[in-house]
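Residue numbers (the numbering used here): 11 to 557.
Right, dumping it as structure tokens:
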């Protein structure tokens with residue numbers, strides 16, 4: 011070790027700042043000797059710094075005549091105001107820098123204060139980096155470079171409980187035996203040629219594009235030369251009178267005998283279509299007045315076919331578009347009505363299954379959960395063998411009161427509708443909707459609005475009758491007919507009161523029977539009479555329906 015001067019650490023400007031700051035407080039900096047050779051053999055430790063309590067024997071050996079400080083106050087003051095600062099440099103290769111000096115230098119500074127109860131152990135590791143590459147834009151073997159740099163970083167920092175004789179701070183420097191190789195690759199001209207097929211492929215492509223038109227022309231010229239013959243003095247026999255007319259002078263060169271004809275045929279030479287003639291013909295074709303007029307006419311026709319902006323806005327109001335739009339709306343309404351019918355059929359098919367589930371919900375081993383799934387997804391499966399006499403009796407009672415409730419509501423609804431029709435003869439009855447419940451079909455009257463905009467009074471569906479002591483009526487009113495709503499409001503209120511009273515009466519008796527049935531308090535004779543009256547009611551209802 012030796013004292014550091016201002017030119018160490020690669021003469022970095024950051025080191026100059028650290029050097030001035032440290033020496034301004036009277037501290038000293040120590041560095042390794044210049045040109046120190048470090049061998050990469052494992053993780054070898056080449057430097058260790060120990061800051062420990064004063065040992066008089068070691069002090070006499072190293073510095074004869076020196077005496078350790080015995081005053082505790084002075085020792086405590088020195089330990090409190092002293093620290094160890096380690097300044098290191100990092101040199102790295104900047105892959106994005108293409109200047110002459112792409113190697114950058116950075117300075118790191120770490121300070122460690124002294125603690126009497128803790129031993130600070132800091133380990134710094136140095137590693138070697140090799141950067142290679144080429145800056146040439148033609149080939150990677152040209153303008154190559156190689157930079158050898160060393161980086162130093164903090165590998166480990168730990169705090170250990172210490173006793174009075176142990177050191178305060180231990181700083182170790184080790185050299186790693188691994189080497190990192192960094193290669194910078196730059197796209198050059200040769201790689202560009204390789205990616206597009208190589209230099210030879212580029213040359214052949216350029217030549218082919220240049221000579222292909224001339225090659226085709228020579229080929230066609232050779233075919234014409236072999237197949238067509240012209241007379242040797244054709245220039246004298248052909249007279250051009252216009253651009254589109256060629257007239258033969260029949261007075262010259264008339265054939266009067268076979269000998270003259272043979273002589274004339276043998277005197278013919280091959281026809282040659284020169285490049286000059288091709289260029290002249292193409293030039294005349296481009297500026298030919300007929301060609302220009304034809305293309306101008308096509309342009310005008312195409313321009314007339316394109317609609318303007320205001321014409322495009324009128325497209326939705328054309329007669330054909332209006333018919334298509336009306337048909338689309340009509341088909342949408344038909345599809346919506348069909349979907350509602352499908353939903354009603356699905357709900358009516360599931361209603362008997364839900365009644366059976368409600369009737370058997372108190373069973374300890376309830377098999378009807380699987381029965382419902384089989385009814386939905388496997389209707390052919392016979393599950394009547396799983397039913398008991400108790401469940402069949404309760405299903406019959408439940409079906410009786412549901413049907414009776416619907417029958418009472420139907421009677422009151424018909425009477426109210428008849429009264430309203432007598433007062434206001436502007437309503438008509440819609441075809442009866444059939445509601446299927448456990449194999450029985452009952453008809454419910456449903457009032458609909460006419461074409462004059464009069465709204466519905468109400469729509470009674472199976473979903474409107476809930477068994478949990480509540481009733482809900484679906485009403486639709488038209489906001490545009492305020493006067494009609496005022497006229498119909500008293501009739502609607504009275505109709506709803508009658509329906510609610512009937513529902514409350516039937517639900518009370520139904521809950522009483524269900525409670526006695528679950529508690530096994532029903533007299534078998536009474537139950538038999540009820541089942542008998544239920545069967546009689548069903549048969550009478552079917553007869554009335556047939557009539």
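Even glycine gets a Cβ: it sits at the ideal position worked out from N, Cα and C.
Just so we're clear, the structure is a prediction, and the values are computed from it rather than from any experiment.
Along the beta strand (DSSP E) that carries residue i, what are the first and last residues, could you check?
i	result
residue 165	154-171
residue 134	128-144
residue 319	Here residue 319 belongs to no beta strand (DSSP E); instead the alpha helix (DSSP H) covers 319-323.
residue 56	54-61
residue 192	179-194
Please go through the same chain and pick out, in chain order, the residues whose beta-carbon is closer than 7 angstroms to the beta-carbon of residue i, but skip the five residues on each side of it.
i	result
residue 189	138, 140
residue 122	93, 94, 130, 132, 179
residue 298	none
residue 112	103, 104
Taking DSSP's pairing of strands, which residues face residue i in a bridge?
i	result
residue 115	101
residue 13	40
residue 121	95
Does the Cβ of residue i have 16 or more other Cβ atoms within 10 Å, making it buried, or fewer, making it exposed?
i	result
residue 410	buried
residue 320	exposed
residue 97	buried
residue 95	exposed
residue 183	buried
residue 272	exposed
residue 332	exposed
residue 134	buried
residue 136	buried
residue 408	buried
residue 103	buried
residue 306	exposed
residue 328	exposed
residue 404	buried
residue 258	With a pLDDT of 44 at residue 258, under the threshold of 50, the predicted position of this residue should be treated as unreliable, though the coordinate-derived value follows. It counts as exposed.
Would you kindly report the start and end of the unbroken alpha helix (DSSP H) that includes residue i?
i	result
residue 284	Careful: residue 284 lies outside any alpha helix (DSSP H) and carries neither H nor E.
residue 82	82-91
residue 25	23-33
residue 277	No alpha helix (DSSP H) holds residue 277; DSSP gives it neither H nor E.
residue 203	199-205
residue 49	No alpha helix (DSSP H) holds residue 49; DSSP gives it neither H nor E.
residue 66	66-72
What does a CB cutoff of less than 6 angstroms around residue i pick up in its chain, not counting 5 residues either side in sequence?
i	result
residue 65	none
residue 551	Note that residue 551 scores a pLDDT of 43, beneath 50, so its modelled location is shaky and nothing firm can be said.
residue 87	none
residue 154	144
residue 219	none
residue 85	79
residue 193	142, 143
residue 12	43
residue 18	41
Enumerate in chain order the residues of its own chain whose CB-to-CB distance from residue i is below 8 angstroms, with the five nearest sequence positions on each side excluded.
i	result
residue 77	66, 69
residue 20	99, 101, 115
residue 449	Confidence is the limiting factor: at residue 449 the pLDDT is only 38, short of 50, which leaves the residue's position unreliable, though a coordinate-based value still follows. So the list reads 362, once near-sequence residues are dropped.
residue 127	171, 172
residue 148	198, 199, 200
residue 288	227
residue 584	Any question about residue 584 goes unanswered here, given that the chain covers just 11 to 557.
residue 33	39
Going by the C-beta, is residue i closer than 7 angstroms to any heavy atom of the ligand ADP?
i	result
residue 301	As presented, the structure is devoid of all ligands, the ligand ADP included, so that no description of it is given.
Any 3 or more C-beta pairs closer than 8 angstroms across the region 35-50 and the region 107-122: no
At least three beta-carbon pairs within less than 8 angstroms, the region 24-38 to the region 148-163: no
Inter-stretch contact (C-beta, 8 angstroms, three-pair minimum) for the region 49-59 and the region 172-191: yes
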